[in-house]
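Numbering (mature numbering (1 follows the signal peptide of the UniProt record, and there is no 0)), first residue to last: -30 to -1, 1 to 316.
No residue lacks a Cβ here, since even glycine has one placed at the ideal position from N, Cα and C.
Fair warning: this is a prediction, and the values are worked out from it, not measured in the lab.
Comments concern the structure below.
In structure tokens, the structure reads:
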């Protein structure tokens, strides 16, 4: 990236922030009012326990991947909706083929009818823009992937950034720092495709060389190991519940109502403007515009005819200005959590 591209990218980041600061509702202050949780109090190992390294004050944790194993953790409880958040710093240097994910799921309990919401950082090669995707599954609807893929406007290995999944009984919002990047609004036509069963929060790092970067063309290189993802300021805000209970406790109904009314669950006009600008500039795939995959858009899709003109039938932009740009000083990249089939990102 030359100095002019860097300059304009920085201006865009500042503009997104100003749009939100000028709003009547400040997402940052709302998020900061939510108490963080110590790692040992809120989480337990998922796999690769020897590669899970909590900080001495128990407020942060590192997930390591080496040539022997990756690692992951999960929340000790499941939640009937909630606000799930962490500041994350992703692995640096060459990280093609490596996958880091921050997501909610109940797949350990409902193996055939699981729900899931994902942030997935997709491994890449040196010189490419950083990429990630968000996704949603409800009631085991894995045949109807709802991926959207984007470029990041910063280097996520240089410093911590906050990633948030907000899940209510009415909507789902993905945030990066104080920018809402995607909202899914529930409607009746979605049926069980909208996640409705209690979920826990998960984080993982693992080797997905077979698919993560250019369909497996670029594989993990353990010369750069260990690959380290760091998590801090973890937030689990929701009503803990037994996933096998048939009736949700009255206290959870009240917590759900409070969650729906919270500032961070309602996007203001200025936040919506910031989200639209992000999506216009950095989204490079949307299932809602992939008419080859879904000739009839899925029920939650809001298809803007003007935006639609920017995309091919494959759901990708007709001209991807980031695809041909080279970025200086980016030596590696980050990654997603599962193989959703045709992952052709580079």
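**Prompt:** For the candidate residues 96, 68, 72, whose alpha-carbon lies nearest to that of residue 135?
**Reply:** 72
**Request:** Give every residue of the same chain whose Cβ lies closer than 6 Å to the Cβ of residue 36, excluding the five residues on either side of it in the sequence, and list them in chain order.
**Result:** 195, 196
**Prompt:** Which two residues bound the contiguous beta strand (DSSP E) that contains residue 152?
**Reply:** 149 to 155
**Message:** On the CB-based measure, 16 or more other CB atoms within 10 Å of its CB, does residue 260 come out buried or exposed?
**Reply:** buried
**Request:** Would you list the one or two residues that DSSP bridges to residue 42?
**Result:** 17, 174
**Message:** Tell me the DSSP secondary structure of residue 23 in three-state form.
**Reply:** strand
**Asked** Assuming residue 56 contacts residue 133 under a Cβ cut-off of 8 Å, what Cβ separation, rounded to an integer in Å, is found between them?
**Response** 6 Å
**Prompt:** For the candidate residues 92, 100, 8, whose alpha-carbon lies nearest to that of residue 252?
**Reply:** 100
**Asked** In whole angstroms, what separates the C-alpha of residue 242 from that of residue 42?
**Response** 33 Å
**Request:** Between the Cα of residue 4 and those of 276, 233, 285, spot the shortest distance and give me the residue it belongs to.
**Result:** 233
**Closest residue to residue 275 among 258, 264, 269 (Cα-Cα distance)** = 258
**Message:** If I measure Cβ to Cβ from residue 130 and keep anything under 7 Å in the same chain, skipping five residues before and after, which residues do I get?
**Reply:** 57, 58, 59, 202
**Asked** Short check: CB of residue 40 to CB of residue 67, under 7 Å?
**Response** no
**Request:** State the DSSP-derived secondary structure class of residue 269, mapped to helix, strand or coil.
**Result:** coil
**Request:** Specify whether the region 71 to 88 and the region 109 to 120 touch according to this definition: at least 3 beta carbon pairs, one from each stretch, less than 8 Å apart.
**Result:** yes
**Item:** Buried/exposed call for residue 224, threshold 16 Cβ in 10 Å
**Value:** exposed
**Prompt:** What is the rounded straight-line gap between the Cα of residue 154 and the Cα of residue 142?
**Reply:** 5 Å
**Item:** Residues that residue 230 bridges to, as DSSP identifies them
**Value:** Residue 230 pairs with nothing; no bridge assigned.
**Prompt:** Nearest-angstrom Cα distance between residue 266 and residue 48?
**Reply:** 34 Å
**First through last residue of the alpha helix (DSSP H) which encompasses residue 12** = 9 to 12
**Asked** In whole angstroms, what separates the C-alpha of residue 255 from that of residue 151?
**Response** 13 Å
**Request:** Check the DSSP bridge columns for residue 59 and list the partner residues they point to.
**Result:** 200
**As assigned by DSSP and simplified to three states, the class of residue 184** = helix
**Limits of the unbroken beta strand (DSSP E) element including residue 71** = 68 to 75
**Request:** Put residue 30 into one of helix, strand or coil per three-state DSSP.
**Result:** strand
**Request:** Could you pull the start and end residues of the beta strand (DSSP E) that residue 253 belongs to?
**Result:** 253 to 256
**Asked** Who are the Cβ neighbours of residue -1 in its own chain at under 6 Å, not counting the five residues just before and after it?
**Response** Because residue -1 sits at a pLDDT of 48, beneath the cut-off of 50, its placement in the model cannot be relied upon, and the following sentence gives the value as read from the coordinates. These residues qualify, in order along the chain: 233, 234.
**Asked** What residue range is occupied by the uninterrupted alpha helix (DSSP H) comprising residue 278?
**Response** 275 to 278
**Prompt:** What's the call for residue 127, buried or exposed, on a 16-neighbour Cβ count within 10 Å?
**Reply:** buried
**Prompt:** Would you call residue 187 buried or exposed, if buried means 16 or more other Cβ atoms sit within 10 Å of its Cβ?
**Reply:** exposed
**Prompt:** Excluding the five sequence neighbours on either side, which residues of its own chain have a C-beta within less than 6 Å of the C-beta of residue 119, listed in chain order?
**Reply:** 103, 254, 255
**Prompt:** DSSP three-state call for residue 109: helix, strand or coil?
**Reply:** coil
**Prompt:** For residue 160 versus residue 86, is the C-beta distance shorter than 7 Å?
**Reply:** no
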